[in-house]
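Numbering (the working numbering), first residue to last: 829 to 1107.
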Ligand code: OAD
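Listed below in structure tokens is the structure:
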């Protein structure tokens, strides 16, 4: 379907003063050079074994081998530190500044690029956490805090230095700190991952834009399910077929746009601007 149809849905929603929600995934950051979660670059070797992200990003692995899990996160942090927001991130920051409280961003990305591009923390729910934050692994203090300065990004296969080990201790109890990210063997919650806020947002959403996500995790599926059951409109943006694009097409309640998110989101940001200037 054409981007023009998607822009029309957005324009109509803005004119009705309907709530617009954008749900992003790793595909939105792919054009900033960050590998998508399921790409082959995500693998990690410990000893003679290759580990998949779904084994590394777990409490079970952290409890067994915190040093290897941290080395992997410091490698990923290095990739994200080098990355800059792309035109897709910029478009979403511009949409928020145009639409204000009509706009909410829900992101699965932990790379901080939406915030760097200018989206506000108050209207952005980072439902899988943020790679640049940490919290006490044993929960002696529950609040996330910025990753300690002085940690050095790791190359593949490189382990922690003594300085890293020292930095990765909790300032309150002296035990390990952990990345402030949701692991595969953990559950969503409101306190750290805005679970209830994301579901409440879905309930009042009149147009949901999903961008660059394969739809593999549960909360995004709940969000899409709620919007769909409530008869809300949807625009899916992805370079490939995916479950959300199929749903949009089958339900006839929206448009699936097969384009890179940088291109499609920039078009939609332009449409938002025009919609408001024509009010
Ligand atoms: P995936 O890696 O599963 O999917 C990325 C999606 O982006 C795919 O559908 C690609 O086709 C699409 N894509 C790639 N480049 C694109 C581009 N330039 N423009 C538009 N689409 C593009 O990533 P997510 O769906 O984000 O969770 O994965 C969801 C979650 O699964 C992650 O947050 C992570 C992972 O397990 C946790 O760590 C809890």
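Idealized CB from N, CA, C, for every residue including glycine.
Pairwise C-alpha distance: residue j and residue i
i            : j            : result
residue 877  : residue 1085 : 39 angstroms
residue 965  : residue 1051 : 29 angstroms
residue 939  : residue 960  : 8 angstroms
residue 855  : residue 1048 : 14 angstroms
residue 837  : residue 1082 : 8 angstroms
residue 1003 : residue 934  : 32 angstroms
residue 994  : residue 879  : 26 angstroms
residue 1097 : residue 970  : 37 angstroms
residue 1046 : residue 943  : 23 angstroms
residue 912  : residue 941  : 7 angstroms
residue 955  : residue 1018 : 9 angstroms
residue 884  : residue 1058 : 37 angstroms
residue 916  : residue 1091 : 7 angstroms
residue 1105 : residue 849  : 20 angstroms
residue 1025 : residue 1015 : 15 angstroms
residue 1095 : residue 1023 : 30 angstroms
residue 851  : residue 1000 : 35 angstroms
residue 888  : residue 900  : 15 angstroms
residue 1005 : residue 1103 : 47 angstroms
residue 875  : residue 865  : 22 angstroms
residue 895  : residue 910  : 23 angstroms
residue 1070 : residue 898  : 32 angstroms
Boundaries of the alpha helix (DSSP H) in which residue i is found, first to last residue
i            : result
residue 1056 : 1046-1057
residue 842  : 831-843
residue 899  : 894-910
residue 1077 : 1071-1079
residue 855  : 855-858
Residue range of the unbroken beta strand (DSSP E) whose run includes residue i
i            : result
residue 916  : Run containing residue 916: none in the beta strand (DSSP E); it sits in the alpha helix (DSSP H), 915-927.
residue 1061 : 1061-1065
residue 1023 : Segment 1023-1032 is the alpha helix (DSSP H) holding residue 1023; no beta strand (DSSP E) there.
residue 935  : 931-935
residue 945  : Note, residue 945: premise wrong, no beta strand (DSSP E); alpha helix (DSSP H) at 941-945.
residue 967  : Neither: residue 967 is in no beta strand (DSSP E) and is coded neither H nor E.
residue 938  : Looking at the DSSP string, residue 938 is not in any beta strand (DSSP E), and its letter there is neither H nor E.
residue 847  : 847-852
residue 1082 : 1082-1085
CB of residue i within 8 angstroms of CB of residue j, strictly
i            : j            : result
residue 831  : residue 1101 : no
residue 951  : residue 931  : yes
residue 937  : residue 859  : no
residue 1093 : residue 921  : no
residue 981  : residue 906  : yes
residue 1063 : residue 834  : yes
residue 1029 : residue 1072 : no
residue 1089 : residue 1065 : yes
residue 979  : residue 990  : no
residue 1060 : residue 1021 : no
residue 853  : residue 1040 : yes
residue 1099 : residue 841  : no
DSSP bridge partner residues for residue i (one or two, in chain order)
i            : result
residue 1004 : 997
residue 1095 : According to DSSP, residue 1095 bridges with nothing at all.
residue 957  : 1009
residue 985  : Per DSSP, none; premise fails for residue 985.
residue 973  : 962
Beta carbon proximity, residue i to chain C, threshold 8 angstroms
i           : result
residue 910 : The question asks about chain C, but that chain is absent: this structure has only one protein chain.
Meets three-Cβ-pair contact criterion under 8 angstroms: the segment 944-960 and the segment 978-994: No, because fewer than three Cβ pairs between the segment 944-960 and the segment 978-994 fall closer than 8 angstroms, the two stretches do not touch.
Contact between the segment 1008-1015 and the segment 1033-1042 (3+ Cβ pairs under 8 angstroms): Inter-segment contact for the segment 1008-1015 and the segment 1033-1042 is absent: fewer than three beta-carbon pairs are separated by less than 8 angstroms.
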